[in-house]
Every structure is written in C-alpha cells, then in structure tokens.
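Protein chains in written order, with this note's numbering: chain A, 44 to 325; chain B, 2 to 732.
By construction, the Cβ of each residue, glycine as well, lies at the ideal position given by its N, Cα and C atoms.
Nothing here was measured: the structure is a model prediction, and the numbers come from that model.
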Amino acid sequence: MPLHRPESLSAALELLQGGRAVALAGGTDLYPALRDGTPPPEMVDLTRVDGLRGISRSETGWRIGGATTWTQVLKADLPPLFNGLKAAAREVGSVQIQNTGTVAGNLCNASPAADGVPALLALDAEVELAAPSGTRRMPLGDFITGPRATHLAPGEILTALLIPEADGRGAFFKLGARRYLVISIAMVSAVVETEGDAIKSARLAVGACSPVARRLPALEAALAGKTISQAGQAALTYDYPELSPIDDVRAGAGYRREAVATLVARAIGQAALTDKEVPHVA
Amino acid sequence: MTKTFRMDEAQPRLLDETGQGIVGAPLDRPEGPKKVSGRAAYAADGLPENAAHGVLVRATIAQGRVTKIDESSVSDVSGLLGVFHGPKMTRNPAQGMAGEAPVQPGDEVHYHGQPIALVVAESFEAARDAAQRLAVSYDADTDVITDPSRSETHEQDDPETAGDFEAAFAASEVTLDRTYTTPPHAAAAMEPHAAVAEWEGDAVTLRGALQMLRFNKKELADSLGIDPDKVRILSPYIGGGFGSKLGIGPEAVAAALAARELGRPVRVVMTRQTVFDSVLRRTETSQRLRLGADKDGTLRALSHDDRVSNIRDEGFAEPVSQASQFLYGAEGLSFTQTLARICRTPAGSVRAPGEAVGMLALEQAMDELAEELGMCPVELRLKNLPDKNPMTDQPFSATRLADCLREGAEQFGWGERKPMGERREGDWYVGMGMASAARSNMLIKSAARVRLTGDGAVVETDMTDIGTGSYAILGQITAEMLGLPIAQVEVRLGDTSFPGASGSGGSFGASSAGSATFLAAKAIRETLAERMGCSLSELTLQNGIARGGNREVPLSQLVDGELVEEASVESGSTADSHFSAGFGAHFAEVAVHAYTGEVRVRRMLGVMAMGRILNEKTARSQALGGMIWGIGSALTEKLTHDPRTGHLATRDLANYHVPAHADVPGDLKVVFLEERDDMANPIQTKGIGELGISGAGAAILNAVRNACGARVYDMPATPDRVITAMDAAGF
Numbered sequence: 044m045p046l047h048r049p050e051s052l053s054a055a056l057e058l059l060q061g062g063r064a065v066a067l068a069g070g071t072d073l074y075p076a077l078r079d080g081t082p083p084p085e086m087v088d089l090t091r092v093d094g095l096r097g098i099s100r101s102e103t104g105w106r107i108g109g110a111t112t113w114t115q116v117l118k119a120d121l122p123p124l125f126n127g128l129k130a131a132a133r134e135v136g137s138v139q140i141q142n143t144g145t146v147a148g149n150l151c152n153a154s155p156a157a158d159g160v161p162a163l164l165a166l167d168a169e170v171e172l173a174a175p176s177g178t179r180r181m182p183l184g185d186f187i188t189g190p191r192a193t194h195l196a197p198g199e200i201l202t203a204l205l206i207p208e209a210d211g212r213g214a215f216f217k218l219g220a221r222r223y224l225v226i227s228i229a230m231v232s233a234v235v236e237t238e239g240d241a242i243k244s245a246r247l248a249v250g251a252c253s254p255v256a257r258r259l260p261a262l263e264a265a266l267a268g269k270t271i272s273q274a275g276q277a278a279l280t281y282d283y284p285e286l287s288p289i290d291d292v293r294a295g296a297g298y299r300r301e302a303v304a305t306l307v308a309r310a311i312g313q314a315a316l317t318d319k320e321v322p323h324v325a
Numbered sequence: 002m003t004k005t006f007r008m009d010e011a012q013p014r015l016l017d018e019t020g021q022g023i024v025g026a027p028l029d030r031p032e033g034p035k036k037v038s039g040r041a042a043y044a045a046d047g048l049p050e051n052a053a054h055g056v057l058v059r060a061t062i063a064q065g066r067v068t069k070i071d072e073s074s075v076s077d078v079s080g081l082l083g084v085f086h087g088p089k090m091t092r093n094p095a096q097g098m099a100g101e102a103p104v105q106p107g108d109e110v111h112y113h114g115q116p117i118a119l120v121v122a123e124s125f126e127a128a129r130d131a132a133q134r135l136a137v138s139y140d141a142d143t144d145v146i147t148d149p150s151r152s153e154t155h156e157q158d159d160p161e162t163a164g165d166f167e168a169a170f171a172a173s174e175v176t177l178d179r180t181y182t183t184p185p186h187a188a189a190a191m192e193p194h195a196a197v198a199e200w201e202g203d204a205v206t207l208r209g210a211l212q213m214l215r216f217n218k219k220e221l222a223d224s225l226g227i228d229p230d231k232v233r234i235l236s237p238y239i240g241g242g243f244g245s246k247l248g249i250g251p252e253a254v255a256a257a258l259a260a261r262e263l264g265r266p267v268r269v270v271m272t273r274q275t276v277f278d279s280v281l282r283r284t285e286t287s288q289r290l291r292l293g294a295d296k297d298g299t300l301r302a303l304s305h306d307d308r309v310s311n312i313r314d315e316g317f318a319e320p321v322s323q324a325s326q327f328l329y330g331a332e333g334l335s336f337t338q339t340l341a342r343i344c345r346t347p348a349g350s351v352r353a354p355g356e357a358v359g360m361l362a363l364e365q366a367m368d369e370l371a372e373e374l375g376m377c378p379v380e381l382r383l384k385n386l387p388d389k390n391p392m393t394d395q396p397f398s399a400t401r402l403a404d405c406l407r408e409g410a411e412q413f414g415w416g417e418r419k420p421m422g423e424r425r426e427g428d429w430y431v432g433m434g435m436a437s438a439a440r441s442n443m444l445i446k447s448a449a450r451v452r453l454t455g456d457g458a459v460v461e462t463d464m465t466d467i468g469t470g471s472y473a474i475l476g477q478i479t480a481e482m483l484g485l486p487i488a489q490v491e492v493r494l495g496d497t498s499f500p501g502a503s504g505s506g507g508s509f510g511a512s513s514a515g516s517a518t519f520l521a522a523k524a525i526r527e528t529l530a531e532r533m534g535c536s537l538s539e540l541t542l543q544n545g546i547a548r549g550g551n552r553e554v555p556l557s558q559l560v561d562g563e564l565v566e567e568a569s570v571e572s573g574s575t576a577d578s579h580f581s582a583g584f585g586a587h588f589a590e591v592a593v594h595a596y597t598g599e600v601r602v603r604r605m606l607g608v609m610a611m612g613r614i615l616n617e618k619t620a621r622s623q624a625l626g627g628m629i630w631g632i633g634s635a636l637t638e639k640l641t642h643d644p645r646t647g648h649l650a651t652r653d654l655a656n657y658h659v660p661a662h663a664d665v666p667g668d669l670k671v672v673f674l675e676e677r678d679d680m681a682n683p684i685q686t687k688g689i690g691e692l693g694i695s696g697a698g699a700a701i702l703n704a705v706r707n708a709c710g711a712r713v714y715d716m717p718a719t720p721d722r723v724i725t726a727m728d729a730a731g732f
C-alpha cells in the first residue's frame with residue numbers, strides 16, 4: 044500500500060484523483076479503522092502540503108488550515124471569540140490525539156459526536172474545498188450532511204476553515220460518562236457578544252444530540268436584549284426542536300434533552316464572563 | 002529433594018527479628034527503569050528470526066456451526082502461509098488454575114467473537130488482510146439466548162445457610178429487601194494478550210502474557226496433546242493481568258499449533274477488540290439483599306442471593322456473596338446462587354471476583370439499613386462485627402476491621418458529615434460515604450529456589466510480576482533473610498524452568514511465592530549457622546557478614562561457590578482451624594452536579610490491615626489501584642452487549658470507561674494498620690491486590706446518596722441514572 048507525501052496542493056489533488064487513494068492527515072480515525080476492513084489501495088498524507096497547516100488572519104477573518112492539529116489550535120494566540128474552540132480542542136480525545144488529529148479530519152470524519160463541530164458552527168465557520176478544477180466554499184452547517192456523511196466530493200480536499208471576524212466571547216462544555224477522554228453524551232458551544240448587562244448577540248450550537256450538530260436559531264434570536272440570567276432561564280425553558288437525541292450506550296434521549304438545557308445555560312453564562320474561566324470541575 | 006512445608010501451625014515472626022529494615026521498606030521496583038524505558042521485553046517484543054504473524058479469525062454468529070472455511074477466498078494474499086483451524090483450537094482462555102485445556106469446540110460456535118481460525122502470513126498486515134477477507138460459512142442457530150434474565154437454563158445451588166434466615170428475618174424489627182444489579186466488566190489490562198511460539202523438535206517454547214505459569218504449562222500441553230515436560234513458558238514481564246491472563250488463551254494455543262505446522266516461530270497479538278470479545282469477562286450480576294435488624298442495630302438476618310451468568314461448559318460462577326458470608330454475623334444467614342447459561346463472551350475471574358461486585362450491593366444495603374435505623378453507618382458496622390466466621394465458626398486469624406473503621410472515621414473527618422442533601426457548593430451537592438472492605442485470603446502451593454554466592458543471591462521461581470511488585474518483594478525477603486544489600490539480590494521470574502509457584506491471582510502471589518522464597522532463604526540460614534558453628538538463634542546476617550558464636554565471617558568466606566536451596570510451601574491445618582481475610586474501611590467524599598448528575602470523587606481514604614506489608618510502596622500502589630477500580634465499578638465501567646447477538650458493543654477503551662486520570666481525586670490516600678497474620682503463612686502476610694477494590698465503590702455510591710439523595714440500584718451510577726434517582730428522591 045503506497046503512502047504518498049506530497050508537498051503541494053496540486054500534487055496532493057492529482058494523487059487523489061481516480062478514487063484509489065484516500066486522504067490521510069492525523070490518522071486518528073483512519074488508522075484504527077484499518078483493523079475493521081480492507082485497507083485502501085493508497086494513502087495520501089496531507090500534513091506536509093504547503094499552506095494546509097496553521098492559523099492566519101486577514102482583514103475579513105480567520106483562516107485555519109485543514110491540517111492544523113488540535114494542539115496547534117489550543118496553543119495559538121487567538122482572541123476570546125475562540126475560547127469555545129480552544130476548550131473543544133482540549134477535549135478532542137486525549138493529548139496524544141490532539142497532537143496529531145487535525146481540524147479537517149474531525150469534520151470530514153463527520154461523527155455526530157465530533158468535538159470540533161459545535162464550536163466551529165457557533166463561529167459561523169465555512170469550509171474551503173479544493174479540487175483540481177478550483178476551490179469552493181460552503182457553510183459548515185451545510186457541509187456535514189449526516190453521520191459519517193459530507194458534501195466532500197471524491198478527490199476533493201478540505202483545505203481550510205474560514206471564520207468571519209466578530210466580537211464576542213466563546214465557551215464550550217462537554218458532558219461525558221467520565222471526566223475526560225470520553226465520547227460526548229452532549230456538548231454545547233456558545234459565542235456571546237454583550238453590551239452592558241445585555242446580550243447583543245448569541246450563537247449556540249449543540250453536538251451529539253442529533254445526526255449532525257445543530258445551531259439553535261430560534262433560541263439565539265430570543266436571547267437578544269436579555270440579561271445573562273434571563274438568557275439562562277430562557278435556555279432552561281426552551282424546548283430544543285432542532286434536536287433529536289437518541290438512546291444509546293452513553294445515555295438516554297431524555298437525559299440528553301435535560302442536560303443540554305443546563306449546558307446551554309452554563310455556556311451562555313461562561314461566554315458572557317469577562318473574567319477567568321468559571322471552574323467546571325467540582 | 003525440595004522440602005515442602007505445610008502451614009500446620011503458627012510460625013515464629015522471623016522477619017521481625019532479622020533487623021535489616023529491608024522487608025516493608027518502600028523500595029523502588031528493581032525492574033522499573035527497564036519498564037519505563039522500553040527495555041523490558043513483553044510477550045510480543047523480541048520477535049525471533051523468521052517469525053510469521055498470525056491473526057485470529059472470529060465467529061460472527063452468536064451460536065451454531067462453522068460449515069466451511071474457504072481458504073481459496075484469500076489465496077491471492079501475497080505472503081499467506083496458511084489458515085489453521087480444527088479440533089485443537091480453544092474456545093476461550095482457561096479459567097484460573099484449571100491446569101487443563103479449555104473447551105475445544107471443534108466446528109461449534111458458542112459466542113459471537115469466538116476464535117475459529119488463525120491466518121498466518123509473512124507480515125502482520127497480510128495476515129490481517131486475509132483474516133478480514135476469509136470467507137466463512139455458518140449454520141447459525143435461531144432463538145439464541147444472550148440475555149441472562151431470559152435464559153431458560155438456570156443452574157441453582159442449594160442455599161448456603163447458617164441458622165434460620167426466614168425466621169430471623171420475620172422476627173426482625175426493621176427489614177430491608179433490595180435488588181442491585183451490576184453490569185459485566187472487563188479486566189482491561191493495558192498489554193493486549195500476545196504469544197510467540199517456537200518449536201525445537203517436539204518441544205515448544207511460548208513467550209506469553211500469562212499470570213500463572215505452573216498451571217499454564219499444563220493447559221498448553223493438554224491443549225496441544227503433548228507432555229507438559231515439552232512445554233516451556235516465558236513470561237518475565239506482563240503489562241497487567243487483573244485476572245484476564247490467569248489461563249492459557251486462544252492466542253497461545255493457536256500460535257503453537259501454527260508454529261508446529263509451519264516449522265517456524267509464529268506470533269499472535271490480539272487487537273484490543275479481540276481482547277474484549279474473546280478474553281473472559283466478569284459476569285453481570287443481579288443481587289437481592291435482605292437484611293433484618295433490631296432497632297438497636299443488631300443484625301438478625303442476612304441473605305444475599307445472586308444471579309450470574311456464563312457460557313455452556315464453563316465451570317466458573319462469580320462468588321458474589323463471598324464476603325457477605327463472613328463480614329457480619331447474624332442469627333440467620335442464607336446465600337443462594339443462580340447461574341444462567343447464555344451465549345456471550347465467557348465469564349471468569351476479573352479483579353477480585355466476588356467481592357468487587359458483591360460488596361457494592363452488600364455495603365450499599367448496609368448503608369440503607371443504617372438510614373432506616375437512623376444510625377451512623379460506621380456504628381452499624383462496628384456493632385455487627387463477629388469474632389468468628391459466622392458460616393463456619395472458624396475464628397479469624399487476624400482482624401483489625403474495627404480499628405480500620407474507627408481510624409478511618411477519625412482521619413477522614415467523618416464527624417463533619419452532614420445529613421443527606423444539606424451540603425451544597427454552587428451547583429454541586431457534596432456528601433460523604435463509607436463501606437467496609439473484606440477479601441478472603443489464601444495460601445497456594447508454591448516453590449522457589451535461592452542461590453547464595455559469596456556476595457550476592459539469586460531468586461528463581463516461575464512466579465510472575467503483573468505490575469504488582471513481585472520482583473521487588475522477593476528480592477526484599479531474600480536480602481532481609483540473608484543479610485545482603487538489596488542491590489545484591491537478583492530475582493528471576495516468569496520461566497517454567499524455575500520452580501513452580503502459585504502464580505499471580507487471587508491476591509495470593511506475594512504470600513505464597515514470598516513464603517517459598519522465605520523458606521529457601523531460611524534453609525540457607527540453617528546451613529550458614531552450621532558452618533558458623535552456632536545455633537540458628539545466635540546467627541545474625543548483615544551487610545554480607547555473618548555473626549554468631551563470637552565469630553564474624555564474611556559470607557564470601559562461608560560460601561564456596563554457591564549455596565542452593567529450594568523450598569515449597571502449601572496450606573495446612575491452619576486453613577481449617579482459622580479463617581483468614583484482609584479487612585479495611587473505605588471513605589469517600591463526592592460532589593454531584595445538581596443539574597447534570599455528574600459525580601466527581603473529591604477524596605478517598607482506605608484504611609487497611611492486610612498482614613505484614615512487604616513493600617510499603619508497591620503495596621500502596623496496589624491498594625490505590627484497587628480503589629480506582631472501585632471508582633470505575635461505581636461510576637463508569639460497563640460492558641454493553643448487543644441484545645440480538647450477545648456481541649460486545651463497548652469493546653475498546655474509548656467505549657469501556659475505566660476511570661480517566663481526571664476521574665481520580667488527587668487526595669487518594671491509603672493507611673496500613675500494622676498487623677501480622679500468624680495463621681496465614683510463615684511470613685505473616687495477607688493478600689493485598691484485591692482488598693483495595695472490595696467495598697471502595699460502595700463508599701462512593703453511599704457518598705452520592707448522602708450528597709443528593711440519589712440511590713442508584715443499577716450500576717454504574719452514570720450521570721443519567723443519578724439524575725433519575727435524584728428526581729425519585731425528590732431532589
């Protein structure tokens with residue numbers, strides 16, 4: 044099984060045409076899957092491709108290269124807008140996984156419980172997809188279509204996440220059946236902008252409670268102008284029609300619904316704080 | 002001729018007189034640097050030249066027959082060496098101390114995941130590829146029973162009783178009748194099961210990940226149909242066992258069969274998923290506890306009935322009520338076990354079989370009884386401590402349970418415990434709980450050889466070190482007895498060409514192999530006394546110098562070449578006249594999130610009396626590890642089976658939740674109370690490894706109840722279950 048290690052995007056794209064080769068980044072999903080099925084005929088390692096790794100800022104916003112690792116996200120010098128994404132980066136698998144696993148890998152793997160997705164949804168991220176014919180952009184919310192399913196076309200590479208510049212602060216909470224190194228029962232990310240005591244805007248996303256992580260547009264709209272404590276109350280009484288949690292080995296659907304409301308209220312409260320992080324651990 | 006010592010009477014406490022200060026000291030493991038620097042060769046390391054690679058193919062039906070294994074389906078795999086199957090393939094690992102082949106089911110399939118063939122190729126990748134693509138045809142049974150509650154094959158034992166339980170229960174002023182369930186558990190040792198088999202003529206050498214080599218040798222020989230003398234097993238380092246490596250496994254038998262056929266070494270390493278599917282699990286349990294007491298807290302009736310499961314033809318049944326039978330006394334005692342036959346991964350010994358799950362139920366029931374009585378849980382236990390085993394009337398050989406309870410309560414600050422639900426910090430309820438700890442103690446036949454050269458000594462036994470500290474303690478016993486610096490003692494383990502030991506299991510390894518080592522060293526002392534011309538009581542050995550009879554002679558002058566002694570120990574009449582068990586008390590403080598039900602263990606204290614402590618550091622590590630398993634059994638660990646096929650759904654460490662570091666409190670403390678068990682063995686020790694888990698989980702669950710009112714009857718107490726139980730309790 045040949046492993047290609049191209050250094051340019053055009054070379055990588057060329058190698059991926061024809062449908063024989065699969066794209067490899069951190070390998071944290073691809074390698075474990077090898078034990079369960081026939082291996083792909085060829086693999087193309089994208090981590091050496093020029094421009095695919097790292098975080099940069101332009102006049103309109105931020106660009107996170109697809110092959111950026113979660114540890115790089117965690118260590119990057121980013122404004123409080125990204126606090127939720129950083130908190131999520133800390134919860135992707137273990138430190139070893141974060142050291143090698145990439146942002147694009149987390150999205151393309153498209154697990155309903157992908158830890159990176161809610162925070163990026165709350166940041167209004169778009170994906171940049173490269174093909175030999177050119178690149179296209181698509182909102183992240185449209186890109187992931189179902190469990191393990193995306194709009195990534197054969198031979199395409201997710202080259203970057205594009206995040207519009209915005210004010211506000213982020214937060215992220217993950218709930219699992221143990222404290223760390225756990226697949227989520229539910230997770231919530233928030234980006235909140237405040238004006239005085241009131242919420243100017245709130246962006247909220249929930250993962251592991253529907254086939255694809257979801258934004259909560261109705262609740263977001265309802266929060267504008269509310270105080271933080273009013274917003275928390277609204278989160279606790281909201282009925283979350285966007286979500287369709289299921290019973291599985293990790294928890295029941297009813298518990299997920301109940302826990303999400305608490306996590307959303309908590310995330311709004313934390314995102315609105317300007318001080319140091321609220322301690323999450325008892 | 003090896004001397005066999007029978008433990009028929011209490012022995013002098015020689016290790017208290019030798020005066021070296023080596024036994025008991027918290028010394029580092031001598032093999033530690035090798036292990037943390039990757040130089041310790043585990044089973045799958047150090048591949049022999051020309052080795053081939055084997056991958057197990059496993060059944061994908063719950064029950065039935067293999068009708069065809071189509072080798073032509075993989076004939077295109079380059080480097081394929083063969084597909085091996087047939088009547089000698091084993092269904093599952095042998096049970097601990099079986100000493101004979103596990104079930105060899107031929108073409109029958111008894112559970113989903115059963116190894117049915119071994120594919121061998123020049124590379125691991127080729128073997129894995131072929132194993133995945135091998136076409137297997139089955140004749141699958143319908144209506145397979147995978148759920149123990151639906152099993153129609155129940156084997157029920159007659160109740161074990163003392164007194165008249167029913168009458169005592171009926172006459173009790175306060176009664177409690179509760180059912181608790183625990184899920185199946187995995188041993189979850191870090192090192193996957195692995196074997197490298199190599200033949201020379203008609204003899205096989207197996208490098209394996211195994212806990213009990215004296216038994217494993219016979220098991221492998223019986224599986225292959227050869228004489229045990231033709232088997233040598235090497236298992237010098239083992240990356241954790243927890244019961245899962247007690248018996249010879251399918252990977253070892255398959256590797257040996259293929260290696261014989263191919264005439265070259267074969268290595269088989271199980272994937273993590275294969276370990277979960279094909280290595281013995283702990284049974285799920287359903288446990289009914291009935292307690293009856295007078296209003297002053299005197300227990301009058303205690304019954305602990307349980308239902309466990311196993312696959313057909315497997316003799317093991319988790320001894321769930323083991324500790325319930327001796328921990329507290331009552332007028333009427335009754336214990337009934339039911340074994341359901343189901344098609345799931347076979348069940349066997351996992352981390353303190355019996356106590357680990359039985360005490361979760363017993364010690365929660367005791368907590369519930371204390372609450373009914375309006376009594377302090379510590380006081381309730383103190384009030385009901387028997388001085389004899391209530392089922393057998395044997396006096397306890399040594400018990401400091403009362404001291405453990407009192408000392409623990411004092412050190413933990415038990416007096417600060419608030420009534421249920423009254424301590425809250427922000428969104429978190431905080432509470433305290435406690436439980437007794439108990440684990441029965443054993444001495445198992447064991448032999449060891451000690452060689453004294455002038456300036457050093459060597460210990461040889463097929464005892465294993467599964468991460469427990471065998472290398473350390475056997476060296477310490479020898480150094481203590483022979484007056485040598487610890488660095489001058491070399492310990493050689495894990496080789497069946499050495500004298501046969503108990504192996505590691507049931508927490509009896511240190512006591513058994515330690516006693517044999519002690520006796521061999523003691524025999525050397527006798528020879529040295531003779532050579533010094535003094536009586537044994539006059540002999541002092543220190544820093545390589547022998548003193549006695551007004552003489553002082555370096556050992557190097559006393560020993561010309563080598564002085565070699567081999568000794569063997571086995572249990573004797575003290576095992577009948579007395580009952581030996583380790584005892585302790587666990588205390589826990591937890592915080593429970595009021596809205597998500599997440600439980601965080603804030604601190605734990607275990608106070609334990611486990612006989613003489615041979616190495617304070619490795620003993621503490623054992624106890625801490627046990628307490629962490631306690632956290633797992635209370636809060637996180639659960640194997641989930643697919644109800645249709647019995648196949649495990651949680652078959653890796655991402656989905657089977659042993660506690661992560663973040664689940665373990667920094668304030669996790671162990672206190673050992675000084676104790677000598679004169680009736681247990683000649684070195685006055687007791688088993689250590691498993692006492693730490695026994696009761697620990699119940700202390701946590703009792704703390705959850707105290708914190709927020711939640712009593713979870715189906716373990717583990719995951720956040721969703723805690724929230725439901727809080728709602729039920731009106732919190």
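- Selection B:I467, B:L674, B:A592 and B:M533 evaluated against G240 of chain B yields B:I467 as nearest (Cα-Cα).
- Separation of D167 of chain A and L183 of chain A (C-alpha to C-alpha, rounded to the nearest whole angstrom) is 7 Å.
- The DSSP-derived three-state label of S536 of chain B is coil.
- The beta carbon of G189 of chain A lies closer than 7 Å to those of P254 and V255 in the same chain, with the five residues before and after it left out.
- Using beta-carbon distances, D721 of chain B counts as an interface residue toward chain A, with a partner under 7 Å.
- Contact between the segment 287-306 of chain B and the segment 170-183 of chain B is present, with at least three C-beta pairs closer than 8 Å.
- The beta carbon of D203 of chain B sits closer than 8 Å to the beta carbons of I227 and K231 from its chain, once the five residues preceding and following it are set aside; these are given in chain order.
- Among the CB atoms of chain B, none fall inside 7 Å of the CB of T145 of chain A.
- S99 of chain A is not a Cβ neighbour of A165 of chain A, given a cutoff of 7 Å.
- In the displayed model, H194 of chain A falls within coil according to three-state DSSP, outside both helix and strand.
- In the structure shown, the three-state DSSP call for I614 of chain B is coil.
- Three or more Cβ pairs drawn from the segment 350-361 of chain B and the segment 311-320 of chain B lie within less than 8 Å of each other, which places the two stretches in contact.
- Interface flag for R222 of chain A against chain B is set, since a Cβ pair is found closer than 7 Å.
- A distance below 6 Å between beta-carbons, with the five flanking residues on each side excluded, links G83 of chain B to the following residues of its chain, in chain order: V121.
- Here DSSP, grouped into helix, strand and coil, assigns Q489 of chain B to helix.
- The C-beta distance from S503 of chain B to S447 of chain B rounds to 4 Å, short enough to meet the 8 Å contact threshold.
- Under the criterion of beta carbons closer than 8 Å, V321 of chain B and G359 of chain B qualify as touching, at roughly 4 Å.
- Judged by DSSP in its simplified three-state form, T528 of chain B adopts helix.
- Between P500 of chain B and A449 of chain B, the C-beta gap is smaller than 7 Å, which places the two residues in contact.
- Any Cβ of chain A closer than 7 Å to the Cβ of A663 of chain B would place that residue at the interface, and such an atom is present.
- About 5 Å separates the beta carbon of E599 of chain B from that of P720 of chain B, a gap short enough to meet the 8 Å contact definition.
- In the DSSP assignment, W105 of chain A falls within the unbroken beta strand (DSSP E) covering G104 to G108.
- The C-alpha of I200 of chain A is placed about 9 Å away from the C-alpha of L89 of chain A.
- Contacts with chain B at 7 Å (Cβ-Cβ) include L218 of chain A.
- Counting along the chain, the unbroken alpha helix (DSSP H) around Y298 of chain A starts and ends at A296 to A315.
- As DSSP reads the structure, W200 of chain B sits in a beta bridge with B:V205.
- Where E566 of chain B is concerned, the enclosing beta strand (DSSP E) starts and stops at L564 to S572.
- Around V267 of chain B, the same chain offers A52, A53, G55, V121, A198, A256, A259 and A260 as residues with beta carbons nearer than 7 Å, after the five sequence neighbours per side are excluded.
- Between T465 of chain B and chain A, the shortest Cβ-Cβ separation is not below 7 Å.
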